[in-house]
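Undergrad:
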Amino acid sequence: MRRWQEEATGSRVRGVALALGGTLLLAGCAGGSFTGATEQAKPVHHLYMILFVVATVIFVLVEGLILWAALRYRRRDDALPPQFHGNNLLEFGWTLGPLIIVAVLFALSFQVISKVDAEASDPAVTVNVTGFQWQWEFTYAGEKVQVEKGQPPQDLSVKGTTAKPPQVYLPVGETIHFNEQSKDVIHSLYIPEFLFKRDLIPGHTNSFQITISKPGVYHGQCAQFCGLAHSQMHFYIHAVSRPEYDAWLTDQKKKLASGCPEDTTPGQIAAKNTAFDKDCLAEPANKPFTLTFNNQDAGVPHNVEIYTDKTASKRLGGATGPADLITGPASTTYRVPALPSGRYYFHCDVHPESMTGTLVVK
Amino acid sequence: MAITEVRPEAAPSGSPAIGYQRHPIWEWLTTTDHKKIGIMYLVNSYIFFAVAGLLAMFIRTELAEPGTQFFSEQQYNELFTMHGTTMIFLFVIPILAGFANYIVPLQIGALDMAFPRVNALSFWMLPLAGVILYSGYLVGGTACAGWTEYPPLSEQGCTGPGVSGLGADLWIIALLLVGTSSILGAVNFITTIFNMRAPGMTMFRMPMFCWTVLVTQLLVLLATPVFTSALVLLLIDRNLGGSFFEPAKGGIAVMWQNIFWFYSHPAVYVMVLPGMGIVSEILPVFSRKPLFGYKAFVFATAGIGALGFSVWAHHMFATGTVLLPFFSLMTFLIAVPTGVKFFNWISTMWKGKLTFNTPMLFAVGFLSMFLIGGIDGVFLASPPVDFALHDTYWVIAHLHYVLFGGSVFAVYAGFYYWFPKFSGRKLGEGLGKLHFWLQMIGFNLTFFPMHILGLLGMPRRVQDYLPLHDWTGINQLETVGAYIIAVSTAPFLANVVMTLRRKTRDEENPWDANTLEWATTSPPPPHNFDSLPEIHSERPLFDLHHADELAVHADATTTSTTGAH
Chain B
697 MRRWQEEATG
707 SRVRGVALAL
717 GGTLLLAGCA
727 GGSFTGATEQ
737 AKPVHHLYMI
747 LFVVATVIFV
757 LVEGLILWAA
767 LRYRRRDDAL
777 PPQFHGNNLL
787 EFGWTLGPLI
797 IVAVLFALSF
807 QVISKVDAEA
817 SDPAVTVNVT
827 GFQWQWEFTY
837 AGEKVQVEKG
847 QPPQDLSVKG
857 TTAKPPQVYL
867 PVGETIHFNE
877 QSKDVIHSLY
887 IPEFLFKRDL
897 IPGHTNSFQI
907 TISKPGVYHG
917 QCAQFCGLAH
927 SQMHFYIHAV
937 SRPEYDAWLT
947 DQKKKLASGC
957 PEDTTPGQIA
967 AKNTAFDKDC
977 LAEPANKPFT
987 LTFNNQDAGV
997 PHNVEIYTDK
1007 TASKRLGGAT
1017 GPADLITGPA
1027 STTYRVPALP
1037 SGRYYFHCDV
1047 HPESMTGTLV
1057 VK
Chain Y
2 MAITEVRPEA
12 APSGSPAIGY
22 QRHPIWEWLT
32 TTDHKKIGIM
42 YLVNSYIFFA
52 VAGLLAMFIR
62 TELAEPGTQF
72 FSEQQYNELF
82 TMHGTTMIFL
92 FVIPILAGFA
102 NYIVPLQIGA
112 LDMAFPRVNA
122 LSFWMLPLAG
132 VILYSGYLVG
142 GTACAGWTEY
152 PPLSEQGCTG
162 PGVSGLGADL
172 WIIALLLVGT
182 SSILGAVNFI
192 TTIFNMRAPG
202 MTMFRMPMFC
212 WTVLVTQLLV
222 LLATPVFTSA
232 LVLLLIDRNL
242 GGSFFEPAKG
252 GIAVMWQNIF
262 WFYSHPAVYV
272 MVLPGMGIVS
282 EILPVFSRKP
292 LFGYKAFVFA
302 TAGIGALGFS
312 VWAHHMFATG
322 TVLLPFFSLM
332 TFLIAVPTGV
342 KFFNWISTMW
352 KGKLTFNTPM
362 LFAVGFLSMF
372 LIGGIDGVFL
382 ASPPVDFALH
392 DTYWVIAHLH
402 YVLFGGSVFA
412 VYAGFYYWFP
422 KFSGRKLGEG
432 LGKLHFWLQM
442 IGFNLTFFPM
452 HILGLLGMPR
462 RVQDYLPLHD
472 WTGINQLETV
482 GAYIIAVSTA
492 PFLANVVMTL
502 RRKTRDEENP
512 WDANTLEWAT
522 TSPPPPHNFD
532 SLPEIHSERP
542 LFDLHHADEL
552 AVHADATTTS
562 TTGAH
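Following this line, the structure appears as structure tokens:
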């Protein structure tokens, strides 16, 4: 009876072992689905596969020994087994063996570090990424746009909101240099298919370079927990051919220079997760207009206040002042007096750093 | 066999009690008996384990579907912050300290800890810390920046509807208490082990559990003060206008990470080494053999402790601010002493006579699961691979294979093993085995698929995820697994209650174990021992009971590494 029970336990042990081995293999296959979409990621994937094979062999060997010992040496009588206390040669062997294995793995990793961290002095495109709670701004260094008459031209930038993540275009097969900065807390730029992430740290600039090898749309998001809407910090990288990239640049510049390129619902703005759903508003010049503001943040006060410029010294319309707030979920309609054509600035008085935008009147 | 009289004045059992009788509740509240304090550590820690486990169920429930179902972002961020903080600081570290409290003085043949009142103080700080930590729920929100509380996020505090931001200060104060408790405990354990061993109990005759506790407490003594200083700096930054970690005012944000991990990485070994010690007690007993390679095991434990201080920045590879090759090499190296331990454990079972009572099942479960946590951690030691996997669910899988597959399995193994010592009764085998298998299945169902989620790019600490790459199906599987883990604690609790209500008692040494804690009654008297056997090896009771067999196997023992003489 007792023997029979032990056998049954043994077969359960074996069953679990098989299931575990199966899932481990599955994990390896899943790892194969992201083979690395950049030149820098290819050696990383290669290294991962080496580690995976070594890990699997060690797992099968050691788990096998554990289960073998557990099944083979079950107590069958009351005699005392031989009382051996140790063997120095064996200890030496199983210290040296793993030491050699980890030394080799370290050497392989060391080589790949230099490939992943290599930076060319003449990248084709330089993108300055700024992380903030809770989105990204990608600025193309040297791609100048004349956004305002009389002002020096600015670098083209793509800024997202939680409701509308940024769509970033980059050319395939060319070296792209990223400089990373953060406005508030630590974020991390993570693109799973590039097998890479690097933190954006306030007070410190990080940089890295990639060369995307395959055209496609790559999802990315923040990997370093950064507060309330951390999980909403998505972005998309569109890797396209050089001509398509140039066409996109030209198109973006034209839209930016002409005013507000993306305001498809004039007169409306919403707030969610302490962010506006759009960063520019387009309105007609020299006639009063209304602005419907929908605050979707339950329990959080927001408003929309229009100013002449970023210094926010002179209020032009929107809310009647910093005390004029609405707490979501709620909607209100602001009346804005006629404004001459030009570019103005708006923000939420409660969140003047993170909730900002441009009002284009023409 | 000569007997060492340790308490010649001790009253023989059955004689009237000396002194006045106190009410049992008052007796427990004021006790300085290491055994009672140990039990209180175990119970208090298990309550926090249950609370943090409940939070984990909430986390898994929210993650079963993309979108927001049950918890807002703010609530979710509080959930995982409190889950991690509670599990680490109020469950794993103190419950192992609880075992050490009860068992170490008995194993070295001491009457109590070196500083019994300090011991009581160390314990009572913990429930207080827990109450302070959880009082955040009463004052507008708990801490919410993750158990790592990285500034500047933790300095900024939580933002959201009705959130006071006081939670982070409560978190700091609670951890200052836990840290102080740990430091006092470390001084106490180290003094006890160095100075209070019974005659004949040399360092190299100490049971392996005592060795792991000693190394653990040295780690605590060296690392925890560093962490508590960082907590004070954070408190100053948050409340008195300091700027240690605030870059806008000239501070350095990643400095916190360096200090935090300088403590928290050794703390991982604080959470695992005593578990390894427990398993090293159980495997020999249920294999009826001595621990294979005792000295190698001691050196491996010390090696892990020493290397543990030079690997902290592997948590920071993705910050781009650390020396990658050094910390990578050190992290790879720490796999070597861990490997040595595995081979010694397997050799301990090799050619033994194994019985699979519940403690042994959990101990072998520890070996099988901790192995996975060791192997998937090696991937993270390689900086390029870490760039891909850092802060994804791979890391969540890894840390749970270490802390659940490792520590929790070891804690249950120790609990089933020493329960007869605590109570005089063995826990039921049927319910124990049911508990083990349910937990084994639930654990692997919950945490193994997290490796795949990590490879597919799902970041940790997200309340919501996109319906991408089949993430949903994997998450649902994990949620089912988590519920099975929750269910698995029911047979355990039922077992404890039913066993304690049982009138009959089991024999004093039901496992035929060989260390000194089994040389006294179960449970032991307040003064622990009426008499002690002679101590010639790390297995004094084996020497006592198997003198004949020892003579037969003399050839094997002459090559002993234990230095018996």
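The listed protein sequences derive, respectively, from chains B and Y. Okay, so the first sequence: first residue is 697 according to the numbering used here, each after it adds one. Okay, so the second sequence: first residue is 2 according to the numbering used here, each after it adds one. Where is the CB? At the ideal position from N, CA and C, for every residue including glycine. Since this is a predicted model, take the numbers as computed values, not measurements.
1. Using the beta-carbon of each residue, which ones in chain C are nearer than 8 Å to TYR769(B)?
2. Got a sec: which bits of the region 383-397 of chain Y sit with their beta carbon under 8 Å from any beta carbon on chain B, in order along the chain?
3. Pull up the distance between the alpha-carbon of PHE985(B) and that of LYS968(B), whole angstroms please.
4. Figure out for me which residue from GLY407(Y), HIS452(Y), ARG426(Y) has the closest Cα to the Cα of LEU501(Y).
5. Report all residues from its chain with a CB closer than 8 Å to the CB of ARG239(Y); omit the five preceding and five following residues, and keep chain order.
6. What would DSSP say about ARG1031(B), mapped onto helix, strand or coil?
7. Once the 5 residues before and after PHE730(B) are set aside, which same chain residues still bring their CB inside 7 Å of it?
8. Identify the continuous beta strand (DSSP E) that holds ASN824(B) and give its terminal residues.
9. What are the residues that DSSP puts in a beta bridge with ILE373(Y)?
10. Any idea what DSSP makes of PRO534(Y), helix, strand or coil?
11. Run through DSSP, which three-state label would PRO1048(B) get?
12. Given that a residue counts as buried once 16 or more other Cβ atoms are within 10 Å of its Cβ, and exposed if not, what is PRO385(Y)?
13. Which same chain residues, not among the five before or five after LYS910(B), have their C-beta less than 8 Å away from its C-beta?
14. Ends of the beta strand (DSSP E) at HIS883(B)?
15. Taking any Cβ of chain Y, which residues in the region 922-937 of chain B have a Cβ under 9 Å from it, in chain order?
16. Which two residues bound the contiguous alpha helix (DSSP H) that contains SER123(Y)?
17. Less than 8 Å between C-beta atoms, sequence neighbours within five positions excluded: which residues of the same chain meet that for ALA925(B)?
18. Can you grab the Cα-Cα spacing for the pair HIS781(B) / PHE755(B), in whole Å?
19. Taking buried to mean at least 16 other C-beta atoms within 10 Å of its own C-beta, is ILE897(B) buried or exposed?
20. Check whether the region 80-90 of chain Y and the region 50-70 of chain Y touch, using three or more Cβ-Cβ pairs below 8 Å as the test.
21. Taking all protein chains shown into account, do 16 or more other C-beta atoms lie within 10 angstroms of the C-beta of ASP1005(B), making it buried, or fewer, making it exposed?
22. Taking the CB atoms as reference points, tell me whether ILE109(Y) and ILE191(Y) lie closer together than 9 Å.
23. Confirm, please, whether the CB-CB distance from GLY321(Y) to ASN902(B) is below 9 Å.
24. Is it buried or exposed for ARG894(B), if we count other Cβ within 10 angstroms and need 16 for buried?
25. Can you tell me whether DSSP reads TYR151(Y) as helix, strand or coil?
26. Spell out whether any CB of chain B is found under 9 Å from the CB atom of VAL299(Y).
27. Under the three-state reduction of DSSP, which class applies to GLU156(Y): helix, strand or coil?
28. Closer than 9 Å, CB to CB, is ARG61(Y) near chain B or not?
29. Give a yes or no on whether 9 Å exceeds the smallest Cβ distance from LYS296(Y) to chain B.
30. For the candidate residues THR907(B), GLN863(B), PRO848(B), ILE906(B), whose alpha-carbon lies nearest to that of HIS1067(B)?
31. Near PRO962(B), what residues of its chain come up, given a Cβ to Cβ distance below 6 Å and the 5 sequence neighbours on each side ignored?
32. Name the DSSP bridge partner or partners of ALA1064(B)?
33. Give me whichever residues DSSP pairs with THR897(B) in a beta bridge.
34. Pick out whichever of ALA520(Y), MET361(Y), SER244(Y) has its Cα sitting closest to the Cα of ILE762(B).
35. For VAL1046(B) and ILE1022(B), what's the separation of their Cα atoms in angstroms?
36. Say whether chain B places a C-beta atom closer than 9 Å to the C-beta of PHE1(Y).
TA: Taking the geometry as given:
1. Reference to chain C is not applicable here, since the protein chains of this structure are B and Y.
2. SER383, PRO384, PRO385, VAL386, PHE388, ALA389, HIS391, ASP392, THR393
3. 23 Å
4. ARG426(Y)
5. SER155, GLU156, GLY158, ALA169, ASP170, ILE173
6. strand
7. PRO888, GLU889, LEU891
8. 821-828
9. Its beta-bridge partners do not exist; DSSP assigns none.
10. strand
11. coil
12. buried
13. ALA733, VAL868, ALA935
14. 883-887
15. CYS922, GLY923, LEU924, ALA925, HIS926, SER927, GLN928, HIS930
16. 117-135
17. GLN829, TRP830, THR858, ASN969, THR970, ALA971
18. 26 Å
19. buried
20. yes
21. exposed
22. no
23. yes
24. buried
25. coil
26. no
27. helix
28. no
29. yes
30. Look at the range of chain B in this structure, 697 to 1058, and you will see that residue 1067(B) is not part of it.
31. ALA978
32. Examination of residue 1064(B) is not possible in this model, given that chain B is present from 697 through 1058 alone.
33. The sequence shown places Ile at residue 897(B), rather than the Thr named in the question. Bridge partners of ILE897(B): HIS900(B).
34. MET361(Y)
35. 11 Å
36. Because chain Y spans 2 through 566 in this model, residue 1(Y) falls outside it and cannot be assessed.
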